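Each remark here refers to the structure printed beneath this line.
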Amino acid sequence: MTKVRLGIIGMGGMGTDHFNQIKKIENIEVTALCDLDEKRIAFFDGKKFSDYHKLIISGVVDAVCIATPHYVHTPAAIDALQNGLHVLVEKPIAVHVNDAKKMIAAHTDKKLKFAAMFNQRTNPIFQKIKQLVSTGELGEMRRINWIATDWFRSYAYYASGGWRATWKGEGGGVLLNQCPHNLDLLQWITGLPKKVTAFIGLGKYHDIEVEDEVNAFLEYENGATGVFITTAGEAPGTNRFEIAGERGKLVLEKGKLHFTRNEVETTQFSKTTSQRFGVPPVWEIDIPVSGPGEQHTGIHKNFRDAILNDAPLVAPAEEGIRSLELGNAMLLSGLQKKTMELPLDGEALYCHLKNLIETSRFVKQKTVEAQDDLGASFKH
Ligand SMILES: NC(=O)c1ccc[n+]([C@@H]2O[C@H](COP(=O)([O-])OP(=O)(O)OC[C@H]3O[C@@H](n4cnc5c(N)ncnc54)[C@H](O)[C@@H]3O)[C@@H](O)[C@H]2O)c1
1 MTKVRLGIIG
11 MGGMGTDHFN
21 QIKKIENIEV
31 TALCDLDEKR
41 IAFFDGKKFS
51 DYHKLIISGV
61 VDAVCIATPH
71 YVHTPAAIDA
81 LQNGLHVLVE
91 KPIAVHVNDA
101 KKMIAAHTDK
111 KLKFAAMFNQ
121 RTNPIFQKIK
131 QLVSTGELGE
141 MRRINWIATD
151 WFRSYAYYAS
161 GGWRATWKGE
171 GGGVLLNQCP
181 HNLDLLQWIT
191 GLPKKVTAFI
201 GLGKYHDIEV
211 EDEVNAFLEY
221 ENGATGVFIT
231 TAGEAPGTNR
241 FEIAGERGKL
251 VLEKGKLHFT
261 RNEVETTQFS
271 KTTSQRFGVP
281 PVWEIDIPVS
291 GPGEQHTGIH
301 KNFRDAILND
311 APLVAPAEEG
321 IRSLELGNAM
331 LLSGLQKKTM
341 ELPLDGEALY
351 CHLKNLIETS
361 RFVKQKTVEA
371 QDDLGASFKH
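Written as structure tokens, this is what we have:
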């Protein structure tokens, strides 16, 4: 194979953006589109489907990109994998860990590439933070603090899709739609905590039934602690990611990465100094990193290269279960008002979600077709 024939399933805001980006990339071509809404694919000259299974078995695609509402990710990805197609699935890979496990179990033919759209992994600034942590440059991790409250969404946003912000249609709120990027980067850089305790606000700032505010406390195996705060109801929000280790502190804010590096590890200084009020001497380092990376285009190119040349995936879909573990644990902790241990009991979350769907009295406001460009929502 010298060129990947791709089908896009779900041609709403994100699917359309993928379509436009892929047009500019060599050796990958969109040969089929699928959407339940025929209007969304009417412009296309290639094969068009309203049923994703028919696209999958059509013989005109080698791979699919799934950009539907979240619950459809699981059956569409499993169907495609079982029918010998490579799969690139949008974030979050599923609504909950139980569905993610089913998708991973369906990936039996390892010749098929199964990737997730965690485009922020292509950002050099996050790659640099990961490198500084994983090489031990920051020393043993002590404290993590990510305030990610710049996910403001208006009522118009929630009205732009009947599935949005409902237990039945979306399966969650800010944790499942906006934060999968943060949660993926967090687990990618720091690993998963052992325990999660969270406080959540359901429809606190909007007329929605799902969570739009989260304050979570994380406990790691080595004793490090973390705080993750997010909301879709605050403006102006903050995006500040801070990691303190034995050898200093990394701060990412407003696109700038600063490393205050301790000349001596904190614990060693504490045990050896005779100064009562002394602190370790430091070097102040601005870490130069330019640009946001290739983002979605980078993931598409990597998916193509994995299929054509066996390149390693930047974001294997199998890793998508980790951000779900984290997000699902925050949600369940907030709903049940207790600490969750990881790995999460997927069944407990699944049952709780099922109950929320069955007992929901929420009436979704009228859907209003989006007038603006989804690109305005991208964070790098
Ligand atoms: N990676 C990113 O930066 C990013 C940004 C935005 C959205 N997303 C993700 O993209 C996905 C889609 O989000 P969106 O904002 O484009 O939603 P959207 O509502 O704009 O589009 C979803 C589309 O899927 C179609 N659809 C629904 N069920 C279908 C089915 N069974 N078969 C075929 N088509 C179906 C709908 O008709 C709609 O056109 C979600 O997973 C979302 O989290 C990712």
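When we follow UniProt numbering, the leftmost residue of the sequence shown carries the number 1, and every step to the right adds one.
Glycine included, every Cβ here is placed at the ideal spot set by N, Cα and C.
All values reported here derive from a predicted model rather than from experimental measurement.
Where residue i falls: helix, strand or coil (DSSP)
i           : result
residue 367 : coil
residue 305 : helix
residue 212 : strand
residue 30  : strand
residue 207 : coil
residue 259 : strand
residue 239 : strand
residue 141 : strand
residue 282 : strand
residue 72  : helix
residue 266 : helix
residue 93  : coil
Residue i: CB within 7 Å of a non-hydrogen atom of ligand 1
i           : result
residue 70  : yes
residue 182 : no
residue 9   : yes
residue 34  : yes
residue 67  : yes
residue 161 : yes
residue 377 : yes
residue 103 : no
residue 37  : yes
residue 119 : yes
residue 83  : no
residue 172 : no
residue 211 : no
residue 52  : yes
residue 374 : yes
residue 293 : no
residue 20  : no
residue 15  : yes
Nearest residue (CA-CA) to residue i, options the options
i           : options               : result
residue 230 : 369, 10, 330 and 23   : 330
residue 191 : 286, 245, 323 and 348 : 323
residue 315 : 307, 78, 114 and 82   : 114
residue 140 : 22, 249 and 187       : 249
residue 349 : 363, 361 and 334      : 334
residue 215 : 278, 326 and 290      : 326
residue 370 : 61, 16 and 291        : 16
residue 44  : 64, 32, 352 and 97    : 32
residue 162 : 4, 338 and 69         : 69
Opposing strand residues paired with residue i [DSSP bridges]
i           : result
residue 218 : 196 and 226
residue 340 : 196
residue 9   : 34 and 66
residue 86  : 63
residue 115 : 88 and 316
residue 47  : 32
residue 231 : 213
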